[in-house]
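See structure below.
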Amino acid sequence: MTPATAGSNPECAQYASVRIWADGLIEQWGGDPLVEDAQKLRTLLAFCEHCERTPDELVAFCYLRKRTTGERFVSRKRRGQVAAELRDFLATRGASGLDGRRLSAAVLSFLIHNGVMMHTGMV
Amino acid sequence: MEFKAVLGIRRSIRFFDPDKPVERDKIQKVLEAMRIASCAVNAHWLRAIVVNRSEIPPDTLERLKTPVAGLVQELAPVHIYCYMDLGVVNRIKGSRLKHLVDVGALAPTHGWSHRFVDELVYPQILKPLTESAEYEYSAAFDCGGAGTQGLLTAFDEGLGACWTGFNAEPAAAMLCIPSDWRPLYVLNLGYRLESAEAGGQRPRPDFEELYFEGNANTPFQRDPRVVAELERDGMLMTPAPIPERMQEIRDLARQLGLPE
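Protein chains in written order, with the numbering used here: chain D, 1 to 123; chain V, 1 to 260.
Here you go:
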């Protein structure tokens, strides 16, 4: 994957995980969703700042390797930690109910397109 | 609805109106349909427990959810938790078979009598079956048939529905499940937020890959005239994808605050 395929938002090029997200959105919905709705990326970056990780580090945090085989897997416990951080993020912004879900949807979308299965009920 | 049209419009509905309750009489009709399903030896293994999602404590609901079905369980206003009661055959000891003899469903024409049940069917077939490795397969097959009748009735009543798994441990505690019941699936039930088409009839393997004639090497030949007839009757519908589906999902995501 190259930045050239990851939509036209220049901030997408900086992180591999954001490029994957951008490409996933383009493939799923067409157009260039991170450009058409810049709030999505702003929300992700604000959340990353809140939890003091880059987007790439956030995705990497959710994955562990099995000690026996080295196989990579998404950690349930770590997903839970990210969900807790997301709840905290929403609380600091005073976002609850549908507003909170809409805000968290950007972060969840980013994680889902990077293979980290999370749904709104976890947040 | 016509029967074939019900078969045709059934989809696994995953977008429910989370706040629209389901009428109690419609839920009962779903259960009634399960009850009259075909069932080996009239045992009736299926047990179903209806729970309104809003009455499940939030922390319990979270623990019931599986990773891939969590949102469906969260949106569906009604959950019907399905179990198979493996103890039933040794409790009834053939009595329901004898009831079938009494009412003329089973008859001497086919070898049935009370004595046949008491001396052969229960002690030599059914009781050993309950001790065999195949027992749970037999029970699960029947439960699947009964559950499907309930599922189709839900669509006939204008509801949407979707089977999902659930985490058995919190469910057992919440529902007071006896030790000889085994968890199956939960039927998530409610009014659709998505269209009835829900993106079109799902892709399926080729007919000839699944069904055979005479032996397992000879595919059953599909007659296009029959296909055309079933299309007219509404059983075979426009296959997915249909053009407006992605926009529909996106609209639903924005309405419900879901990730895109």
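All C-beta atoms, glycine included, are put in the ideal place defined by N, C-alpha and C.
This one's a predicted model, so the numbers in the text were calculated from it and none came from an experiment.
Residue i CB to nearest chain D CB: under 9 Å?
{"i": "leucine 61(V)", "result": "yes"}
{"i": "glycine 257(V)", "result": "yes"}
{"i": "glycine 200(V)", "result": "no"}
{"i": "glutamate 260(V)", "result": "yes"}
{"i": "alanine 253(V)", "result": "yes"}
{"i": "leucine 230(V)", "result": "no"}
{"i": "valine 68(V)", "result": "yes"}
{"i": "methionine 84(V)", "result": "no"}
{"i": "leucine 71(V)", "result": "yes"}
{"i": "methionine 246(V)", "result": "yes"}
{"i": "arginine 91(V)", "result": "no"}
{"i": "isoleucine 242(V)", "result": "no"}
{"i": "arginine 24(V)", "result": "no"}
{"i": "glutamate 262(V)", "result": "Residue 262(V) is absent from the model: chain V starts at 1 and stops at 260."}
{"i": "arginine 53(V)", "result": "no"}
{"i": "alanine 250(V)", "result": "The identity of residue 250(V) in the sequence shown is arginine, whereas the question assumes alanine. Chain D contact via Cβ: present."}
Please tell me whether residue i has its Cβ less than 9 Å away from any Cβ of chain V.
{"i": "arginine 87(D)", "result": "no"}
{"i": "threonine 92(D)", "result": "no"}
{"i": "proline 33(D)", "result": "yes"}
{"i": "methionine 117(D)", "result": "yes"}
{"i": "alanine 46(D)", "result": "no"}
{"i": "serine 109(D)", "result": "yes"}
{"i": "serine 104(D)", "result": "yes"}
{"i": "glutamine 14(D)", "result": "no"}
{"i": "glycine 124(D)", "result": "Residue 124(D) is absent from the structure shown; chain D starts at 1 and stops at 123."}
{"i": "glycine 70(D)", "result": "no"}
{"i": "leucine 41(D)", "result": "no"}
{"i": "leucine 25(D)", "result": "yes"}
{"i": "arginine 19(D)", "result": "no"}
{"i": "glutamine 81(D)", "result": "no"}
{"i": "threonine 2(D)", "result": "Any reading at threonine 2(D) must be qualified, since the residue scores a pLDDT of 41, below 50, and its modelled position is unreliable; the value itself is stated next. Closer than 9 Å: no."}
{"i": "threonine 5(D)", "result": "At threonine 5(D), the pLDDT of 46 sits below 50, so the modelled position is not reliable and the matter cannot be decided from this model."}
Beta strand (DSSP E) containing residue i: first to last residue?
{"i": "cysteine 51(D)", "result": "Neither: cysteine 51(D) is in no beta strand (DSSP E) and is coded neither H nor E."}
{"i": "valine 50(V)", "result": "46-52"}
{"i": "arginine 271(V)", "result": "In the structure as shown, chain V starts at 1 and stops at 260, and residue 271(V) therefore has no counterpart that could be examined."}
{"i": "threonine 218(V)", "result": "215-219"}
{"i": "threonine 164(V)", "result": "160-164"}
{"i": "isoleucine 125(V)", "result": "First-last for isoleucine 125(V): undefined, no H or E at that position."}
{"i": "leucine 184(V)", "result": "181-190"}
{"i": "arginine 65(D)", "result": "63-65"}
When the distance is taken between beta carbons, is residue j closer than 9 Å to residue i?
{"i": "tyrosine 191(V)", "j": "phenylalanine 16(V)", "result": "yes"}
{"i": "isoleucine 36(V)", "j": "leucine 187(V)", "result": "no"}
{"i": "leucine 184(V)", "j": "cysteine 143(V)", "result": "yes"}
{"i": "valine 149(V)", "j": "methionine 235(V)", "result": "For the record, residue 149(V) in the displayed sequence is glutamine; it is not valine. Taking 9 Å as the Cβ cut-off, glutamine 149(V) and methionine 235(V) do not qualify as a contacting pair."}
{"i": "phenylalanine 155(V)", "j": "alanine 161(V)", "result": "yes"}
{"i": "arginine 11(V)", "j": "glycine 199(V)", "result": "yes"}
{"i": "glutamate 32(V)", "j": "threonine 153(V)", "result": "yes"}
{"i": "leucine 159(V)", "j": "lysine 4(V)", "result": "no"}
{"i": "methionine 122(D)", "j": "glutamate 169(V)", "result": "no"}
{"i": "alanine 253(V)", "j": "phenylalanine 166(V)", "result": "no"}
{"i": "leucine 103(D)", "j": "arginine 93(D)", "result": "yes"}
{"i": "arginine 202(V)", "j": "proline 243(V)", "result": "no"}
{"i": "isoleucine 49(V)", "j": "leucine 175(V)", "result": "yes"}
{"i": "valine 30(V)", "j": "leucine 258(V)", "result": "no"}
{"i": "tryptophan 29(D)", "j": "methionine 246(V)", "result": "yes"}
{"i": "cysteine 48(D)", "j": "proline 55(D)", "result": "yes"}
{"i": "cysteine 12(D)", "j": "leucine 45(D)", "result": "no"}
{"i": "leucine 126(V)", "j": "tryptophan 112(V)", "result": "no"}
{"i": "leucine 64(V)", "j": "alanine 133(V)", "result": "no"}
{"i": "threonine 120(D)", "j": "leucine 71(V)", "result": "yes"}
{"i": "tyrosine 135(V)", "j": "glycine 94(V)", "result": "no"}
{"i": "serine 17(D)", "j": "leucine 58(D)", "result": "yes"}
Compute the minimum distance between the beta carbon of residue i and the heavy atoms of the ligand FMN, and state whether it is under 8 Å.
{"i": "tyrosine 137(V)", "result": "Here there are no bound small molecules, and the ligand FMN is not part of this structure."}
I need the boundaries of the alpha helix (DSSP H) containing residue i, first residue and last residue.
{"i": "leucine 90(D)", "result": "76-92"}
{"i": "aspartate 118(V)", "result": "Neither: aspartate 118(V) is in no alpha helix (DSSP H) and is coded neither H nor E."}
{"i": "histidine 79(V)", "result": "Segment 78-85 is the beta strand (DSSP E) holding histidine 79(V); no alpha helix (DSSP H) there."}
{"i": "arginine 91(V)", "result": "88-92"}
{"i": "proline 170(V)", "result": "168-175"}
{"i": "proline 224(V)", "result": "224-232"}
{"i": "glutamate 260(V)", "result": "Neither: glutamate 260(V) is in no alpha helix (DSSP H) and is coded neither H nor E."}
{"i": "aspartate 142(V)", "result": "135-156"}
{"i": "proline 58(V)", "result": "58-64"}
{"i": "lysine 20(V)", "result": "Note, lysine 20(V): premise wrong, no alpha helix (DSSP H); not H, not E."}
{"i": "serine 95(V)", "result": "95-102"}
Kindly list, in the order they appear in chain B, the residues whose Cβ is closer than 9 Å to that of residue i.
{"i": "lysine 65(V)", "result": "The question asks about chain B, but that chain is absent: this structure's protein chains are D and V."}
Margin query: Across the stretch 48-55 of chain V and the stretch 71-82 of chain V, are there enough close Cβ pairs to call them in contact, namely three or more that are closer than 8 Å?
Written below: Short answer: they touch.
Note to self: Does the contact criterion of 3 or more C-beta pairs under 8 Å hold for the stretch 112-122 of chain D versus the stretch 76-84 of chain D?
What the structure shows: Counting Cβ pairs under 8 Å, three or more are found: they touch.
Next item on the list: Kindly confirm or deny that the stretch 205-221 of chain V and the stretch 87-99 of chain V touch, where touching means at least three C-beta pairs closer than 8 Å.
Entry: Segments in contact, no.
Check: Should the stretch 211-229 of chain V be regarded as contacting the stretch 100-107 of chain D, the criterion being three or more beta carbon pairs within less than 8 Å?
Finding: The stretch 211-229 of chain V, when compared against the stretch 100-107 of chain D, does not touch it at the 8 Å Cβ threshold.
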